[in-house]
Amino acid sequence: MSRYSAVTTNSYYNGSVVTTYSTSIFEATNSNGSSPYYSTIYFIATPEVQIQSTSTQWYNESAVSTYSTIVKSSVGEDGHETIFTVYLVDRPYSHTEVDSTIAYNGSTTQLSTSYTTFTGDDDMVTIETVVFELTPVKRTEYTNTTEWTEAFTSTYSTDISTLYGNDSSISEIETIYYVYTPEFVSTKLVSETKYWSGLQTTTATSFSTEFGSDGLETLVEYIIVEVVPMAQITSTTTTYWTGDFTETFSTTVVIYTITGDDGDASTIMSTLYYVETPAIKIYSTVTTSYDGASTSTYDTSTLTTTGSDGIPTEFVVYYLETPESTVTS
Numbered sequence: 326m327s328r329y330s331a332v333t334t335n336s337y338y339n340g341s342v343v344t345t346y347s348t349s350i351f352e353a354t355n356s357n358g359s360s361p362y363y364s365t366i367y368f369i370a371t372p373e374v375q376i377q378s379t380s381t382q383w384y385n386e387s388a389v390s391t392y393s394t395i396v397k398s399s400v401g402e403d404g405h406e407t408i409f410t411v412y413l414v415d416r417p418y419s420h421t422e423v424d425s426t427i428a429y430n431g432s433t434t435q436l437s438t439s440y441t442t443f444t445g446d447d448d449m450v451t452i453e454t455v456v457f458e459l460t461p462v463k464r465t466e467y468t469n470t471t472e473w474t475e476a477f478t479s480t481y482s483t484d485i486s487t488l489y490g491n492d493s494s495i496s497e498i499e500t501i502y503y504v505y506t507p508e509f510v511s512t513k514l515v516s517e518t519k520y521w522s523g524l525q526t527t528t529a530t531s532f533s534t535e536f537g538s539d540g541l542e543t544l545v546e547y548i549i550v551e552v553v554p555m556a557q558i559t560s561t562t563t564t565y566w567t568g569d570f571t572e573t574f575s576t577t578v579v580i581y582t583i584t585g586d587d588g589d590a591s592t593i594m595s596t597l598y599y600v601e602t603p604a605i606k607i608y609s610t611v612t613t614s615y616d617g618a619s620t621s622t623y624d625t626s627t628l629t630t631t632g633s634d635g636i637p638t639e640f641v642v643y644y645l646e647t648p649e650s651t652v653t654s
């Protein structure tokens, strides 16, 4: 009676299925010459267990590159072989750049850089680059000047205001200086003559301030005015009328200049009043008797005469006829 023995030999490969790729059968006899036995060997290819891992190294280039591969084999307790493949990969960094502007008092632009590295939720490294840019602040200065009568210049107040741009950064610092400055005084003696109706000569002073093209008060002008009495001539022209009151019905004023023998000019004001005054009237009656029966005024005579005072007198004579007185005896 024969005996059989089956043996399986595994060979690992990269395929995905289990396959028997060879069989070997041989006969064996014991040393005592007893009955032989047959041994069958099956050669089977089974897939390898493969584990792949990636080790990433970050760098500054822009492409992903596998720069090395490590393969190693390990046999487990079940006698199965496991192949480990490690891929070493260069991966670009994620870069974030931030521009932070700081205003300062210098005259040139300066740069400073700060780097920060952090890892995101995907375990990828991000490098944040902050560029600090120092930019000069525009400064504007104004001087607001107030003139005064003292002899020295004094800054009595300063006002500083800060202007911001659309990006909330300081764009301009405005400084206003309030300054007292002495007035520049220039005296002008101007003789200006004005005539008036008073009896004595007087002097008046007038002040005038001028401003230069820079808007500053630069001149205080003193004007001396000489006021002298004006020679006045008054005359009256009288017109007589039959009313019973005096009335000025017109006035004429004439101003003219005459030059004396000494060459000095004088201004004269001539005022002419036109006046109506009542005339003086004297009445008298001349009676003539006649044989009629009624009294009758048959004539009137008017005569005007002017007295030594220049006032006229009007004489009025009424001529009357009156009946004769008759006596009977």
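FYI, in this note's numbering the residues of the sequence shown are 326 to 654. All C-beta atoms in this analysis are idealised placements derived from N, C-alpha and C, irrespective of residue type, glycine included. Remember, predicted model here, so these are calculated numbers, not experimental data.
Between the beta-carbon of residue 374 and that of residue 407 there is about 4 Å, and that keeps the pair under the 8 Å contact cut. Your pair residue 465 and residue 497 checks out as a contact, with CB atoms roughly 6 Å apart and the cut at 8 Å.
Under the three-pair Cβ rule at 8 Å, the stretch 393-409 does not count as touching the stretch 429-443. When secondary structure is reduced to three states using DSSP, residue 637 falls in the strand class.
The Cβ neighbour count for residue 618, taken over all protein chains shown within 10 Å, is under 16; the residue is labelled exposed.
Note on residue 556: under 16 other CB atoms within 10 angstroms of its CB, so exposed under the neighbour-count rule.
Contact annotation, residue 608 with residue 562: C-beta distance approximately 28 Å; criterion of less than 8 Å not satisfied. Excluding the 5 residues flanking it on each side, residue 378 has same chain C-beta neighbours closer than 6 Å at 411, in chain order. In the same chain as residue 467, and ignoring 5 residues on each side of it, the C-beta atoms closer than 6 Å to its own belong to 501, in chain order.
Every beta strand (DSSP E) of 3 residues or more that sits fully in the stretch 409-468 is shown, in chain order, as 419-429, 435-444 and 450-461.
According to DSSP, residue pairing for residue 517 in a beta bridge involves 550. Comparing alpha carbon positions, the residue from 388, 637, 614 and 573 closest to residue 644 is 614. In the three-state reduction of the DSSP assignment, residue 382 falls in the strand class. In the DSSP assignment, residue 372 falls within the beta strand (DSSP E) that extends over 362-372. Counting the other Cβ atoms within 10 Å of the Cβ of residue 428 gives 16 or more, which makes it buried.
Below 8 Å, enough C-beta pairs join the stretch 413-421 and the stretch 388-395 to call them touching: three or more.
In the DSSP secondary-structure assignment, residue 642 is bridged to 609 and 626. Relative to the Cα of residue 419, the nearest Cα in the group 439, 409, 385 and 446 belongs to 385. Taking a contact to require three or more Cβ pairs closer than 8 Å, the stretch 587-606 and the stretch 562-579 qualify as touching.
Looking at the DSSP output, residue 398 shares a beta bridge with 408.
Considering only 642, 633, 469 and 594, the residue with the shortest C-alpha distance to residue 612 is 642.
Here DSSP, grouped into helix, strand and coil, assigns residue 351 to strand. Residue 597 sits in a strand when the DSSP states are folded into three classes.
A straight line joining the alpha-carbon of residue 579 with that of residue 569 spans about 31 Å. With respect to the 7 Å criterion, residue 505 and residue 479 are classified as neighbours on the basis of their beta carbons.
By DSSP's assignment, residue 579 forms a beta bridge with 595.
Per DSSP, residue 486 is one residue of the beta strand (DSSP E) stretching across 479-489. Of the candidates 606, 534, 340 and 441, 441 places its Cα closest to the Cα of residue 451. In this chain, the beta strand (DSSP E) harbouring residue 504 covers 495-507.
Taking 7 Å as the cut-off, the beta carbon of residue 460 is found closer than this to the beta carbon of residue 426. Shown here for residue 348: same chain residues with a beta carbon closer than 8 Å to its own, the five before and five after excluded, namely 365, 366, 367 and 368 in chain order.
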